[in-house]
């Protein structure tokens, strides 16, 4: 049966709604407690995604403000955007330079500030998989041990992109996310073992896997996988540590999918929320590129009704 | 057994709470009533958890709970809404302060337009055009014939188009 498609603008509106993830609030905690009470279950324990316990209490642990981030992290983060952007410019044969997930640990009031970046330091060649720096003797790092200054580069054993994709698909099908194995990182010359912070470390690892899966999928042009990982991150970690990166990747993924309307909406929200983000440049470049008429290299034409620049409204500055 | 069930429930709750709330909003549950309806849904989900086949996608299954509770809620609340003025009605679909942070006028527009589509049609449009479920999945979830799904989807798209244009026209006139 042939069903007429939506008008383009309504399709855009539906995509906007599809990609919408609400801001974290107290509702989840409230409802969880009410459900437990109704069913006579033990009260929920803290630590779940979106709960106030881990992330909302303490030193104002709401969604991290990336603009607070250290220069090192921010600089490297800018490189991420460039890598993503360049990856998108040749969607057919992506040769991405991003190979190492380098994390800078910096302290904030809760000790949970994590500044991270994907560095673009070597070519992968014809293989579009993301390679990573693998540590030999990984050890869990305690957030509590993190000082206010970046204390070292953390080498992360991210799994190959194909594996990551598989996991995301499986969790997408069953919708019950499987917990990844315990993650490990190494900091500088010292290794610190922390059993008590393993939950936090696991959460960081889970967050990182989703972000990495999204990033890898975007660079391969596999937008559905990227958006699936992005949305799962948003749902499971509404106050997570990688929100800025997630939203930047989301914009680029939407652009890669040709969903310029949604991408522009997201980009505007991103610019308002992170006016000093170094991802903005990459996003803006990518949006501008989509404005241009078809190029000789075969890049697609884009709708002309969207202005090429983004940024917060003057009143918000 | 019980702890295993509870663990599964907790995981479902943690991973799907946000989805469920978004779905309920799309199905017309008001922001102010979301806590109560979400609670009712998850209580039902827990009670029927044994019926869930873990080899199958969870979201269509969850959607069926959301749909039933949204429909019941709508019926129970109908008398209240009939008393409400049109102003109050439109006000009830205004975004919450939290949503305001992310929601553009366009998102408010699509939610308002969705709300003007009949619930039976709207559910199918949400499942197909927003959630991306397949027609057989939708048919099974809502326990209707696949041809009915196609038919309602076509009508829902038509209704949505009309609703959007009507709202847009109203905005221009204002």
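Chains as they are written, first to last, in the working numbering: chain L, 4 to 320; chain U, 30 to 203.
Beta carbons: idealized from backbone N, C-alpha and C, even for Gly.
All figures in this text were calculated on a predicted structure; none of them were measured in a lab.
- Taking all protein chains shown into account, residue 206 of chain L has 16 or more neighbouring C-beta atoms within 10 Å of its C-beta and is therefore buried.
- Looking at the backbone, the Cα of residue 252 of chain L and that of residue 219 of chain L are separated by about 10 Å.
- With respect to chain U, the C-beta atom of residue 23 of chain L has a partner C-beta closer than 8 Å.
- A Cβ-Cβ separation of about 12 Å leaves residue 189 of chain U out of contact with residue 6 of chain L under the 8 Å criterion.
- CA-CA distance, residue 144 of chain U to residue 80 of chain U, rounds to 31 Å.
- Secondary structure at residue 195 of chain U: helix, using DSSP grouped into helix, strand and coil.
- Taking one beta carbon from each stretch, the segment 237–245 of chain L and the segment 257–274 of chain L have fewer than 3 pairs nearer than 8 Å; the two do not touch.
- Residue 183 of chain U carries a helical assignment under DSSP once its states are collapsed to helix, strand and coil.
- Nearest Cα to residue 91 of chain U within the set U:103, U:196 and U:77: U:77.
- For residue 11 of chain L, the enclosing alpha helix (DSSP H) begins and ends at 11–22.
- Around the beta carbon of residue 105 of chain U, fewer than 16 other beta carbons lie within 10 angstroms, which makes this residue exposed.
- Residue burial is scored here from C-beta neighbours: residue 161 of chain U has fewer than 16 other C-beta atoms within 10 angstroms and is therefore classed as exposed.
- A distance of 8 Å or more separates the beta carbons of residue 155 of chain U and residue 88 of chain U.
- Scanning L:38, L:11 and L:20 for the CA closest to the CA of residue 42 of chain U turns up L:38.
- No Cβ of chain U is located within less than 8 Å of the beta carbon of residue 215 of chain L.
- Secondary structure at residue 58 of chain U: coil, using DSSP grouped into helix, strand and coil.
- Using a Cβ distance threshold of 8 Å, residue 75 of chain U and residue 238 of chain L do not count as a contacting pair.
- At a cut-off of 8 Å between C-beta atoms, residue 13 of chain L counts as an interface residue with respect to chain U.
- One alpha carbon belongs to residue 167 of chain U, the other to residue 36 of chain L, and they sit about 31 Å apart.
- Under a 10 Å Cβ-count criterion, residue 94 of chain U is classified as buried, with 16 or more other Cβ atoms of the shown protein chains found around its own Cβ.
- Scanning chain L for C-beta atoms nearer than 9 Å to the C-beta of residue 196 of chain U yields nothing, as the closest lies near 11 Å away.
- In this structure, the alpha-carbon of residue 263 of chain L lies about 43 Å from that of residue 34 of chain U.
- Take the alpha-carbon of residue 216 of chain L and the one of residue 265 of chain L: they are about 21 Å apart.
- No Cβ of chain U is located within less than 8 Å of the beta carbon of residue 46 of chain L.
- Leaving aside the five residues that flank residue 186 of chain U on each side, the residues in its chain whose CB is nearer than 7 Å to its CB run, in chain order, 154.
- When Cβ-Cβ separations below 8 Å define contact, residue 56 of chain U makes no contact with chain L.
- A straight line joining the alpha-carbon of residue 194 of chain U with that of residue 37 of chain U spans about 44 Å.
- Annotation: the continuous alpha helix (DSSP H) that includes residue 236 of chain L extends over 226–239.
- For a Cβ distance threshold of 7 Å, nothing in chain L lies close to residue 171 of chain U: the least Cβ distance comes to about 17 Å.
- At a cut-off of 8 Å between C-beta atoms, residue 167 of chain U does not count as an interface residue with respect to chain L.
- The beta carbon of residue 69 of chain U is closer than 7 Å to those of 98 in its chain, skipping five residues each way along the sequence.
- For residue 17 of chain L and residue 258 of chain L, the gap between their C-alpha atoms comes out near 16 Å.
- Counting only runs of 4 or more residues that sit fully inside the segment 235–272 of chain L, the alpha helix (DSSP H) segments are 246–259, in chain order.
- Of the candidates U:86, U:180, U:139 and U:73, the residue whose Cα lies closest to the Cα of residue 21 of chain L is U:139.
- A straight line joining the alpha-carbon of residue 287 of chain L with that of residue 254 of chain L spans about 10 Å.
- Straight across, the Cα-Cα distance linking residue 183 of chain U with residue 31 of chain U is about 44 Å.
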